[in-house]
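The structure appears right after this line, and notes come after that.
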Amino acid sequence: MTGINRAAALWIVVPRSADRPARAAGPIGVADGHFPTSVDLSLNHHGAIMLRSVFLAFLLLLPLAVQADEPFQTGLCGDVRVTGWPVAEVTGEGGCGIVEPVRLASVAGVRIEGEALVSCAFARTLADWAEAPALNGPRPVVALRSSAAYVCRPVTGGAALSNHAYGMAMDVTGFILPNGREVSVRDGWNEAWRRGFLENTYAAACNRFDTVLGPDFDAAHADHFHLDLEPGGWAAAYCR
Ligand SMILES: [Zn+2]
Numbered sequence: 001m002t003g004i005n006r007a008a009a010l011w012i013v014v015p016r017s018a019d020r021p022a023r024a025a026g027p028i029g030v031a032d033g034h035f036p037t038s039v040d041l042s043l044n045h046h047g048a049i050m051l052r053s054v055f056l057a058f059l060l061l062l063p064l065a066v067q068a069d070e071p072f073q074t075g076l077c078g079d080v081r082v083t084g085w086p087v088a089e090v091t092g093e094g095g096c097g098i099v100e101p102v103r104l105a106s107v108a109g110v111r112i113e114g115e116a117l118v119s120c121a122f123a124r125t126l127a128d129w130a131e132a133p134a135l136n137g138p139r140p141v142v143a144l145r146s147s148a149a150y151v152c153r154p155v156t157g158g159a160a161l162s163n164h165a166y167g168m169a170m171d172v173t174g175f176i177l178p179n180g181r182e183v184s185v186r187d188g189w190n191e192a193w194r195r196g197f198l199e200n201t202y203a204a205a206c207n208r209f210d211t212v213l214g215p216d217f218d219a220a221h222a223d224h225f226h227l228d229l230e231p232g233g234w235a236a237a238y239c240r
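Here it is as structure tokens:
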């Protein structure tokens with residue numbers, strides 16, 4: 001028992017026995033022929049015991065909560081470029097789940113803002129993309145905004161699981177530059193002077209991921225680049 005838990009236990013046990021000397025000998029209302037009245041059940045007494053119980057339960061559960069939240073780490077996934085929080089296990093219904101799950105803080109120095117639960121395999125490829133020249137021009141990308149990472153769902157309009165369901169996909173909606181400005185896929189795709197930047201980042205993704213879909217694919221992708229890897233290994237690149 002930790003020091004704080006022992007102190008809490010003493011705090012709870014000692015006042016209770018002092019509060020109830022006459023009742024400690026036997027069941028309430030039987031041994032002494034006295035039945036509890038509304039006064040015996042007053043909130044002052046029982047409320048205090050309940051509060052202490054809740055407090056003790058909180059202290060006992062505290063170490064579990066800390067264990068569940070892994071500390072921030074660098075060099076995750078065997079890659080010095082990957083930082084974030086390791087996740088023990090991710091499983092879902094119907095075969096959803098992630099092999100080597102990780103919640104990303106950054107890849108190759110580029111922050112991930114938003115949804116960031118992916119597999120290590122995806123994280124390493126995302127780091128490759130973050131290092132591509134297209135993302136490291138005169139105003140290098142400092143953060144990616146993600147609207148979806150791990151999601152246990154089938155592909156749109158189909159029965160097979162989406163690669164999002166394996167932590168092998170991310171929907172990138174924007175690129176944040178050093179001045180804090182964001183080039184969003186939705187707006188930038190229709191502006192000549194941002195379109196070039198976005199097309200270059202898109203082409204760089206096609207060289208690294210298995211499937212890349214963007215605003216030209218369909219209306220559902222008007223505001224993001226869908227990047228994914230095939231869970232079974234490399235597949236013919238599909239870039240639309
Ligand atoms: Zn997607």
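Residue numbers (full-length UniProt numbering): 1 to 240.
Note that beta-carbon positions come from the ideal geometry of N, C-alpha and C, so glycine has one too.
Is DSSP giving F58 helix, strand or coil here?
Taking the first residue of the sequence shown as position 1, residue 58 is located at position 58. Bear in mind that the predicted position of F58 carries a pLDDT of just 48, short of 50, making it too unreliable to give a figure here.
Compare the C-alpha of A116 against each of G214, A132, G167 and A108 and name the closest.
For the purposes of this step, residue 116 is taken as the residue at position 116 of the sequence shown. Closest by alpha carbon: G167.
Cβ-based neighbour list, V90, same chain, cut-off 6 Å, excluding 5 preceding and 5 following:
On the sequence shown, residue 90 is found 90 positions in, with the first residue counted as 1. Cβ within range, chain order: G97, I98 and P101.
So, for H226: in the same chain, excluding its five sequence neighbours on each side, which residues have a beta-carbon less than 6 Å away from its beta-carbon?
As a position in the sequence shown, residue 226 is number 226, starting the count at 1. D171 and L213, listed in sequence order.
Using the rule of at least 16 other Cβ atoms within 10 Å of the residue's Cβ for burial, across every protein chain shown, is G78 buried or exposed?
For the purposes of this step, residue 78 is taken as residue 78 along the sequence shown, with counting starting at 1. Exposed, because fewer than 16 other Cβ atoms sit within 10 Å of the Cβ of G78.
For D223, which option in L76, T173 and W129 has the closest C-alpha, if you only look at C-alpha atoms?
Residue numbering aside, residue 223 sits at position 223 when the sequence shown is read from its first letter. Of the candidates L76, T173 and W129, the one whose C-alpha sits nearest the C-alpha of D223 is T173.
On the DSSP bridge list, what partners appear for T91?
Stepping through the sequence shown from its first residue, residue 91 is reached at position 91. The partner list for T91 (beta bridge, DSSP) reads G97.
C-alpha distance - G95 paired with P133, whole-angstrom precision:
Translated into positions along the sequence shown, residue 95 becomes position 95. Translated into positions along the sequence shown, residue 133 becomes position 133. Straight-line Cα distance between these residues: approximately 37 Å.
I want to check one thing, is the minimum distance from the CB of A205 to the heavy atoms of ligand 1 below 7 Å?
The residue you call residue 205 lines up with position 205 of the sequence shown. Relative to ligand 1, A205 has its C-beta separated by 7 Å or more from all heavy atoms.
How would you write the range of the beta strand (DSSP E) that A123 sits in, first residue to last?
Position 123 of the sequence shown, counted from the first residue, corresponds to residue 123. No beta strand (DSSP E) contains A123, which is instead part of the alpha helix (DSSP H) from C120 to A130.
Assuming D228 and A160 form a contact by the criterion Cβ under 8 Å, report the distance between their Cβ atoms to the nearest whole angstrom.
Along the sequence shown, one-based indexing puts residue 228 at 228. Along the sequence shown, one-based indexing puts residue 160 at 160. About 13 Å separates the two Cβ atoms, so there is no contact after all.
At a threshold of 7 Å, does D171 count as lining ligand 1 (C-beta to nearest heavy atom)?
What you label residue 171 is simply residue 171 of the sequence shown in a count that begins at 1. Within 7 Å of the C-beta of D171 there is at least one heavy atom belonging to ligand 1.
Counting pairs of beta carbons, one from the region 178-185 and one from the region 203-213, are three or more of them closer than 8 Å?
No: the two stretches stay apart, fewer than three of their Cβ pairs being nearer than 8 Å.
Which word fits T156, buried or exposed, when buried means at least 16 other C-beta atoms lie within 10 angstroms of its C-beta?
As a working note, residue 156 is residue 156 in the sequence shown. Residue burial is scored here from C-beta neighbours: T156 has fewer than 16 other C-beta atoms within 10 angstroms and is therefore classed as exposed.
Straight-line CA distance for A105 to V80?
Your numbering for residue 105 matches position 105 in the sequence shown. Your numbering for residue 80 matches position 80 in the sequence shown. Distance between the alpha carbons of A105 and V80 is about 13 Å.
What are the uninterrupted segments assigned as alpha helix (DSSP H) that are 4 or more residues long and contained completely in the UniProt domain "Extensin-like C-terminal" (90-240), given in chain order?
Here the runs fully enclosed are 120-130, 185-188 and 192-206.
Can you tell me whether D216 is buried or exposed? The criterion is at least 16 other CB atoms within 10 Å of its CB, across all chains shown.
As a first step, residue 216 is located in the sequence shown; it is residue number 216 there, counting from the start. So D216 counts as exposed.
Using a threshold of 7 Å, is the CB atom of A192 nearer than that to any non-hydrogen atom of ligand 1?
Locating residue 192 in the sequence shown gives position 192, counting from the first residue. No, the Cβ of A192 stays beyond 7 Å of every heavy atom of ligand 1.
With distances taken Cα to Cα, identify the nearest neighbour of A148 among V118, A123 and G233.
Indexing the sequence shown from 1 puts residue 148 at position 148. Cα-wise, what sits closest to A148 is V118.
Is the beta carbon of A123 sitting closer than 8 Å to the one on A108?
Counted from its first residue, the sequence shown places residue 123 at position 123. Counted from its first residue, the sequence shown places residue 108 at position 108. Their beta carbons are not under 8 Å apart, which means A123 does not touch A108 by this criterion.
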